[in-house]
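What follows is a short report on a single structure.
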Amino acid sequence: MENLIALLIAAPLLGAAVLLCGGRRLDAVGHWIGTVLAAASFVIGAVLFVDMLGKGADERELSQHLFSWVPVEGFQADVAFQLDQLSMTFVLLITGVGSLIHLYSVGYMEHDERRRRFFGYLNLFLAAMLLLVLADNYLLLYVGWEGVGLASYLLIGFWQHKPSAATAAKKAFLVNRVGDMGLSIAIMIMFTTFGTFAFGPVLGTHEEAGLSADTSEATLTGIALMLLLAACGKSAQVPLQSWLGDAMEGPTPVSALIHAATMVTAGVYLIVRSGAIFNAAPDAQLVVTIVGAVTLLFGAIVGCAKDDIKKALAGSTMSQIGYMILAAGLGPIGYVFAIMHLVTHGFFKAGLFLGAGSVMHGMNEEVDMRKYGGLRKYMPVTFVTFGLGYLAIIGFPGLSGFFSKDKIIEAAFAKGGTEGWILGGAALLGAAITAFYMTRVMLMTFFGEKRWQPDANGNEPHPHESPRSMTIPMIVLAFGSVFAGGFFSIGDRFLHWLEPITGHDHGDSPVSALTVTLATMVVLVLGVALAYAQYGRRPVPVLAPRGSLLTRAARRDLLQDDFNHVVLVRGGEHLTRSLVYVDHTLVDGVVNGTAASVGGLSGRMRKLQNGYARSYAFSMFGGAAILVAATLLMRAV
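Position 533, counted from 1, in the sequence shown is what numbering that gives the first Met the number 0 calls 532; the numbers after and before it change by one each time, with no gaps.
Shown next as structure tokens:
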């Protein structure tokens, strides 16, 4: 079975190579080639999963060594893969949801002239993400990490004829480069500290040198903080979150793929995979929880003010990933819940994005929810599947989000002390805001009176249900949104599945699980009721009102771009000018001044060597006189 691991990556990678290099003769079938190879990767993953289930908990890790990448003495880097319970979870999510998005794209991109290339980019995305989660060392993980960044750039800017799409792709690439520097620095520190990149030795899971050695907490904290910086970039966490909303300029299937199953989950995987490092660096863990708590509130507030349906969901993604990062920062008590919420989120968020794309498909690509209204009558399948995703994300009892999000809130309170109350309170507040903004999306899109109007060309939308190639993936994801959380929670099966990798610590929560559940239900009802009072009981204006100061700030992503422009862009310009000034004035001044001094002194000394005998005689006489005078002076003293 070990030999099948490489095929997980090879199938979509082959699809990318064929579709991107095969030329126009593949235009008629390219989309099916990409979809079949993505599905083939899922089938291989399912076969490996069934085989893994038949083994004992301690015998489920598989490894495959392909070749030595850098066989240099003292610097060994291999192309080798590791398949355990954690990576298997990601493999099934990436390939399963990814295959459904491929199928959805067949209908969504039907009239796009560059559809073959689009599917090639999708296959490349899957291959890079699979390499990231299957690598058995940090250096190979870095290759997948950069591959994901490249593929996201190509997909976000796929419609590069739109200046906004080209700008969004560049922004995503540049912001992620900042986080990527964190990962590269962390890998450098790992190598200088442990002499290897492999997970086993670095994380101390083998008998070789690793965390079991006498490694200083300061070193581990530095590595952990650099890993967190990398996670902030890929998973759109504060302060590297600004690219996520702009990424909605890409086709809707790209939004679903990035936000549900691939790119934004990479940071969570990195932290959980490196859990042994974070466990040994409590200060870094605290920073992780702070980043997660701040981001879950940041994204939720932004989601409340967006009228663009995809950008409202983008704020939601930022917030939900914040929950996962918060859980991952809680250590062993939260690792399992972070991954569990990641999987359930993969189902309902992919369903929500595909539902948004279905709405746009039936509304002439209109994204403004203020121009929707009453669409449940025209798009019943989209309404039901989107509605189930909505209920799952707000944590409605019995649906997936209820089981995974409640566990994170409970784990936050279990942290104990003031820290536990603050983190748990932030998570509860985030749940209330989530219920508000998602109810707002539902009411503005599917309820009330129709508000659509003719476009600039006089064409009035005629809402209609999407084709089966789009609705079937939405139905499948809706089933996951409903049943996945409960299935994972029965007998704590998901906890037992990941426990050999993540460990588990129940912790001592000052608040009982029942109390947390009741509190979550209360804030859920309050959020829904507030949204209904504002958007359900009164007509929604087609033009957005001016709103409060907070609303106006949230519409501008809480001024994150303004902050980046003032602090990073202008700050960088001033820093560059200062460094140039120092370089010209101090560095060049010292160099040029030294040269001028030497030149001037040389010029003066050259005058003494003029070739005249009388000058030399005078110099000799003057020197002798000085020696005589010095001798007499010394005798007198």
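Cβ atoms here follow ideal geometry from the backbone N, Cα and C, with glycine treated the same way.
- Query: Out of curiosity, what's the CA-to-CA distance linking E1 and Y531?
  - Reply: If you number the sequence shown from 1, residue 1 lands on position 2. If you number the sequence shown from 1, residue 531 lands on position 532. If you take the alpha carbons of E1 and Y531, they lie about 53 Å apart.
- Can you tell which of L325, L153 and L353 has the C-alpha that lies nearest to the C-alpha of L341? Walking along the sequence shown from the start, residue 341 turns up at place 342. Nearest option by C-alpha distance: L325.
- Message: Under 6 Å: does the beta carbon of A38 sit that close to some heavy atom of the ligand GDP?
- Response: Of ligands this structure carries none, so the ligand GDP is not represented either.
- Query: Do the segment 353 to 361 and the segment 458 to 470 touch if we need at least three Cβ pairs shorter than 8 Å?
  - Reply: yes
- Whose C-beta lies closer than 6 Å to the C-beta of D245 among residues of the same chain, with five residues either side of it excluded? Against the sequence shown, residue 245 aligns to sequence position 246. Only A167 and K170 meet the Cβ criterion.
- Task: Could you give the DSSP three-state label for P453: helix, strand or coil?
- Result: The sequence position of residue 453 within the sequence shown is 454, counting from 1. Three-state DSSP puts P453 in coil, outside helix and strand.
- Message: Could you tell me the alpha carbon to alpha carbon distance between S273 and K376, rounded to whole angstroms?
- Response: For the purposes of this step, residue 273 is identified with residue 274 of the sequence shown, where counting begins at 1. For the purposes of this step, residue 376 is identified with residue 377 of the sequence shown, where counting begins at 1. In a straight line, the C-alpha of S273 is about 49 Å away from that of K376.
- Message: Give me the residue from S403, G146, L600 and Y334 with the minimum Cα distance to F487.
- Response: What you label residue 487 is simply residue 488 of the sequence shown in a count that begins at 1. The option with the nearest alpha carbon to F487 is S403.
- Compare the C-alpha of R536 against each of N363, T438 and M225 and name the closest. Here residue 536 refers to the residue found at position 537 when the sequence shown is read from its first residue. Closest option to R536, Cα to Cα, is T438.
- Message: Quick check on H101: does DSSP put it in helix, strand or coil?
- Response: Numbered from its first residue, the sequence shown carries residue 101 at position 102. Reduced to three states, the DSSP call for H101 is helix.
- Any idea which residues DSSP pairs V71 with across the strands? Looking up residue 71 in the sequence shown gives position 72. Answer is F74.
- Message: Looking at L153: is its Cβ nearer than 7 Å to the Cβ of Y107?
- Response: For this step, residue 153 is matched to residue 154 along the sequence shown. For this step, residue 107 is matched to residue 108 along the sequence shown. Against a cut-off of 7 Å, the Cβ pair of Y107 and L153 comes out as no contact.
- Item | Alpha-carbon spacing of Y389 relative to F445, whole angstroms | As a working note, residue 389 is residue 390 in the sequence shown. As a working note, residue 445 is residue 446 in the sequence shown. Y389 and F445: Cα-Cα distance of roughly 12 Å.
- Task: Tell me whether the beta-carbon of F346 lies closer than 7 Å to the beta-carbon of L312.
- Result: Taking the sequence shown and counting its residues from 1, one reaches residue 346 at position 347. Taking the sequence shown and counting its residues from 1, one reaches residue 312 at position 313. Not in contact: F346 and L312 (Cβ atoms no closer than 7 Å).
- Using a Cβ-Cβ cut-off of 6 Å (strictly less than) and excluding sequence neighbours within five positions of T218, which residues of its own chain qualify? Position 219 of the sequence shown holds residue 218. Contacts found: T192.
- Alpha-carbon spacing of L25 relative to R114, whole angstroms: As a first step, residue 25 is located in the sequence shown; it is residue number 26 there, counting from the start. As a first step, residue 114 is located in the sequence shown; it is residue number 115 there, counting from the start. Those two C-alpha atoms are separated by around 10 Å.
- Item | Nearest to V290 (by Cα), restricted to the options H258, A275, G53 and A327 | In the sequence shown, residue 290 corresponds to position 291, counting from 1. Among H258, A275, G53 and A327, the Cα nearest to that of V290 is on A327.
- Roughly how many angstroms separate the alpha carbons of S601 and F620, rounded to a whole number? As a first step, residue 601 is located in the sequence shown; it is residue number 602 there, counting from the start. As a first step, residue 620 is located in the sequence shown; it is residue number 621 there, counting from the start. Going from the Cα of S601 to the Cα of F620 covers about 23 Å.
- Query: How big is the Cα-Cα spacing for S315 and T433?
  - Reply: Here residue 315 refers to the residue found at position 316 of the sequence shown. Here residue 433 refers to the residue found at position 434 of the sequence shown. Their backbone Cα atoms lie some 7 Å apart in a straight line.
- Message: Which residue marks the beginning of the alpha helix (DSSP H) containing K309, and which one marks its end?
- Response: As a position in the sequence shown, residue 309 is number 310, starting the count at 1. I308 to A327 is the span of the alpha helix (DSSP H), which, as asked, contains K309.
- Tell me which same chain residues have a C-beta within less than 8 Å of the C-beta of D561, skipping the five on either side of it? Position 562 of the sequence shown holds residue 561. Here the set comprises R555.
- Opposing strand residues paired with N609 [DSSP bridges]: Taking the first residue of the sequence shown as 1, we reach residue 609 at position 610. According to DSSP, N609 bridges with nothing at all.
- For G302, does the count of other Cβ atoms within 10 angstroms reach 16, so buried, or fall short, so exposed? Along the sequence shown, read from residue 1 onward, the residue named residue 302 stands at position 303. Classification of G302: buried, given that the 10 Å Cβ count is 16 or more.
- Exposed or buried, which one is L52 when buried takes at least 16 other CB atoms within 10 Å? The count along the sequence shown starts at 1 and reaches residue 52 at position 53. Label assigned to L52: exposed.
- Check whether the Cβ atoms of V271 and Y334 lie closer than 7 Å to each other. Along the sequence shown, read from residue 1 onward, the residue named residue 271 stands at position 272. Along the sequence shown, read from residue 1 onward, the residue named residue 334 stands at position 335. Yes; because the gap between Cβ atoms is below 7 Å, this pair is in contact.
- Task: Within the same chain, show all residues whose beta-carbon is closer than 8 Å to that of L3, passing over the 5 residues directly before and after it, in chain order.
- Result: Here residue 3 refers to the residue found at position 4 of the sequence shown. Cβ neighbours of L3 beyond the five flanking positions: I43, V46 and L47.
- Opposing strand residues paired with H648 [DSSP bridges]: The question about residue 648 has no answer here: the residues shown for the chain are numbered 0 through 636.
- Item | Buried or exposed (CB count within 10 angstroms, at least 16 for buried), E572 | Within the sequence shown, numbered from 1, the residue matching residue 572 stands at position 573. E572 is exposed by the Cβ-count criterion.
- Task: Using the Cα positions of E206 and M339, report the straight-line distance between them to the nearest angstrom.
- Result: Working through the sequence shown from its first residue, we reach residue 206 at position 207. Working through the sequence shown from its first residue, we reach residue 339 at position 340. Legend: pLDDT at E206 = 44, less than 50; position of this residue unreliable, value from coordinates given subsequently. Cα-Cα distance, rounded: 30 Å.
- Task: Can you tell me which of Q63, G394 and A426 puts its alpha carbon nearest to the alpha carbon of F297?
- Result: Working through the sequence shown from its first residue, we reach residue 297 at position 298. Nearest C-alpha to F297: A426.
- Going by DSSP, what residues sit across from D50 in a beta bridge? Along the sequence shown, read from residue 1 onward, the residue named residue 50 stands at position 51. None, per the DSSP bridge assignment.
- Message: Does the structure place the segment 378 to 394 close enough to the segment 464 to 473 that three or more beta carbon pairs sit under 8 Å?
- Response: yes
- Task: Give the secondary structure of D587 by DSSP, where H, G and I count as helix, E and B as strand, and everything else as coil.
- Result: Residue mapping note: residue 587 aligns to position 588 of the sequence shown, counting from 1. Of the three classes helix, strand and coil, the one that applies to D587 here is helix, per DSSP.
- Message: Using only the alpha-carbon positions, how far apart do Q240 and T519 sit?
- Response: Locating residue 240 in the sequence shown gives position 241, where the first residue counts as 1. Locating residue 519 in the sequence shown gives position 520, where the first residue counts as 1. Whole-angstrom Cα-Cα distance: 27 Å.
- Assuming V177 contacts M189 under a Cβ cut-off of 8 Å, what Cβ separation, rounded to an integer in Å, is found between them? Looking up residue 177 in the sequence shown gives position 178. Looking up residue 189 in the sequence shown gives position 190. Not a contact, Cβ separation roughly 20 Å.
- Since N136 sits in a beta bridge, which residues does DSSP pair it with? Here residue 136 corresponds to residue number 137 of the sequence shown, with the count starting at 1. Note: N136 sits in a beta bridge opposite A197.
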